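Here this note's numbering = 1-based position in the sequence shown + 62. Each remark here refers to the structure printed beneath this line.
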Amino acid sequence: MANWPIIGHEWAVDLLAKVIADDRLSHAYLFTGPAQVGKTTLARTFARAILCEKQTGEPCAVGDPDARATACRTCRRIAEGRYPDLQIIAAEKNTIQIEQVRVLQSDAALSPLEGRRKVFILREIERATAPAANALLKTLEEPPPHVILLLTSHRRDLVLPTVLSRCQIINLRPAPLTQVQAMLTARFAAEPTQAELLARLSGGRVGWAVEACLHPEVNAVRNRCLDELLALTTAGHGGRLSWAEALSHQADLIEETLGLWAAWWHDVLLVQRGAPEAIVNLDRRGQLVQQAGLYRPEQVEATLTDLMRTLQRIRANVNVRLALDVLALRLPKPIVA
Ligand SMILES: [Zn+2]
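Put into structure tokens, the structure is as follows:
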């Protein structure tokens, strides 16, 4: 296997390394997969392997000072974020705007300043406005020969079919939990319990695991979401509806919140079914056991179905507030309150 600093996604790394080694690069790639699964990290590493002066299909190692000393100048400068022929474009004010695509296009029209190629990474391409996506389409149809576009999206369903059809699609799946756990211990010196908890919570999304390991507030947000959920099960109509209203105004939090809730109820069901060793929320084992005694398994199953339906409805652009109202009102009440 090619030696890229990437956790999981071995097949993708092998494929991309081979494409470079064989000099068969396409002009556009789209990395899809769940949020924080590692799409941008892989795109950046791919970009480095493309631009690396050694052209072996592997980027130079730049992880520690010793390795960096033998790395080529290009890989070193990319790692430092100051290489002119690699640009990363992300949403501004929640959307990728046509002005950003126009800047990309005028930059793309010029020859590379340093090497043979210019690489542009466009993150979360589903956030492109319609004019921006249409403008980008022109570049995807007739890219300057030295240009490579690397797009990412966790919502492939929202990407224009005309954009999809012009990209090589690399669909990333979550990494095995044991790999994530080992990585947290080895690279980030996480305590074994912490590494196991974060690996399970991540569901194999490497980016999420690293983020949670480095920033304790990620876990604090999770704890707040779960505490809210528990409070809501014993709340009346009013409390449930005001929660729905508050969340409906925080578009960025909705999917994460519903995902955490789904994992929670799934854990409750695992305890009820006598498989507590498989739970995700390891640090709340006692609470899960207690909750498992408060509901019938059918109630928990119905709630899981409700959560999945709510996610689908929100993704299908229904009235978010209404979908959350329905969900909140249908949350089960404990049998023994
Ligand atoms: Zn290099």
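Glycine is no exception: its CB is placed at the ideal position from the N, C-alpha and C atoms. Computed from a prediction, not measured in an experiment: that's the story for all the values here.
Can you say whether residue i is buried or exposed, counting buried as having 16 or more other CB atoms within 10 angstroms of its CB?
{"i": "residue 71", "result": "buried"}
{"i": "residue 203", "result": "exposed"}
{"i": "residue 88", "result": "exposed"}
{"i": "residue 171", "result": "exposed"}
{"i": "residue 343", "result": "buried"}
{"i": "residue 329", "result": "buried"}
{"i": "residue 266", "result": "buried"}
{"i": "residue 312", "result": "exposed"}
{"i": "residue 189", "result": "buried"}
{"i": "residue 384", "result": "exposed"}
{"i": "residue 378", "result": "exposed"}
{"i": "residue 201", "result": "buried"}
{"i": "residue 248", "result": "exposed"}
{"i": "residue 257", "result": "buried"}
{"i": "residue 348", "result": "exposed"}
{"i": "residue 143", "result": "exposed"}
{"i": "residue 298", "result": "exposed"}
{"i": "residue 380", "result": "exposed"}
{"i": "residue 100", "result": "buried"}
For a test of the three-state rule: what should DSSP assign to residue i, helix, strand or coil?
{"i": "residue 233", "result": "strand"}
{"i": "residue 157", "result": "strand"}
{"i": "residue 150", "result": "strand"}
{"i": "residue 172", "result": "coil"}
{"i": "residue 215", "result": "strand"}
{"i": "residue 376", "result": "helix"}
{"i": "residue 180", "result": "strand"}
{"i": "residue 221", "result": "coil"}
{"i": "residue 364", "result": "helix"}
{"i": "residue 191", "result": "coil"}
{"i": "residue 295", "result": "helix"}
{"i": "residue 69", "result": "coil"}
{"i": "residue 356", "result": "coil"}
{"i": "residue 341", "result": "coil"}
{"i": "residue 124", "result": "coil"}
{"i": "residue 118", "result": "coil"}
{"i": "residue 402", "result": "For the chain, the structure presents residues 63 to 399; residue 402 sits outside this window and is missing."}
{"i": "residue 316", "result": "helix"}
{"i": "residue 82", "result": "helix"}
{"i": "residue 99", "result": "coil"}
{"i": "residue 74", "result": "helix"}
{"i": "residue 112", "result": "helix"}
{"i": "residue 92", "result": "strand"}
{"i": "residue 397", "result": "coil"}
Pop quiz: residue i and residue j are said to be a contact at Cβ under 8 Å. What is the actual Cβ separation, rounded to whole angstroms?
{"i": "residue 136", "j": "residue 114", "result": "6 Å"}
{"i": "residue 239", "j": "residue 274", "result": "In fact, because the Cβ distance is near 14 Å, the residues do not count as touching under 8 Å."}
{"i": "residue 237", "j": "residue 246", "result": "12 Å between Cβ atoms; not a contact."}
{"i": "residue 364", "j": "residue 334", "result": "Residue 364 to residue 334, Cβ: 13 Å. No contact."}
{"i": "residue 226", "j": "residue 92", "result": "7 Å"}
{"i": "residue 66", "j": "residue 127", "result": "Rounded, the Cβ-Cβ distance is 20 Å, inconsistent with contact."}
{"i": "residue 327", "j": "residue 362", "result": "5 Å"}
{"i": "residue 112", "j": "residue 187", "result": "Contact flag wrong, Cβ pair sits at about 19 Å."}
Hey, would you say residue i sits closer than 7 Å to residue j, going by beta carbons?
{"i": "residue 229", "j": "residue 90", "result": "yes"}
{"i": "residue 341", "j": "residue 331", "result": "no"}
{"i": "residue 151", "j": "residue 194", "result": "no"}
{"i": "residue 69", "j": "residue 268", "result": "yes"}
{"i": "residue 163", "j": "residue 197", "result": "yes"}
{"i": "residue 263", "j": "residue 345", "result": "no"}
{"i": "residue 105", "j": "residue 231", "result": "no"}
{"i": "residue 224", "j": "residue 185", "result": "no"}
{"i": "residue 396", "j": "residue 369", "result": "no"}
{"i": "residue 271", "j": "residue 386", "result": "no"}
{"i": "residue 175", "j": "residue 147", "result": "yes"}
{"i": "residue 233", "j": "residue 336", "result": "no"}
{"i": "residue 216", "j": "residue 180", "result": "no"}
{"i": "residue 391", "j": "residue 302", "result": "yes"}
{"i": "residue 291", "j": "residue 323", "result": "yes"}
{"i": "residue 157", "j": "residue 191", "result": "yes"}
{"i": "residue 295", "j": "residue 212", "result": "no"}
{"i": "residue 119", "j": "residue 83", "result": "yes"}
{"i": "residue 78", "j": "residue 108", "result": "yes"}
{"i": "residue 140", "j": "residue 178", "result": "no"}
{"i": "residue 116", "j": "residue 134", "result": "yes"}
{"i": "residue 287", "j": "residue 319", "result": "yes"}
{"i": "residue 75", "j": "residue 64", "result": "yes"}
Comparing the C-beta of residue i with each C-beta of chain B, is any distance below 7 Å?
{"i": "residue 351", "result": "Of the protein chains in the structure, only one exists, and it is not chain B."}
Under 6 Å, CB to nearest heavy atom of ligand 1: contacting residues = 114, 115, 116, 121, 122, 133, 134, 136 and 137
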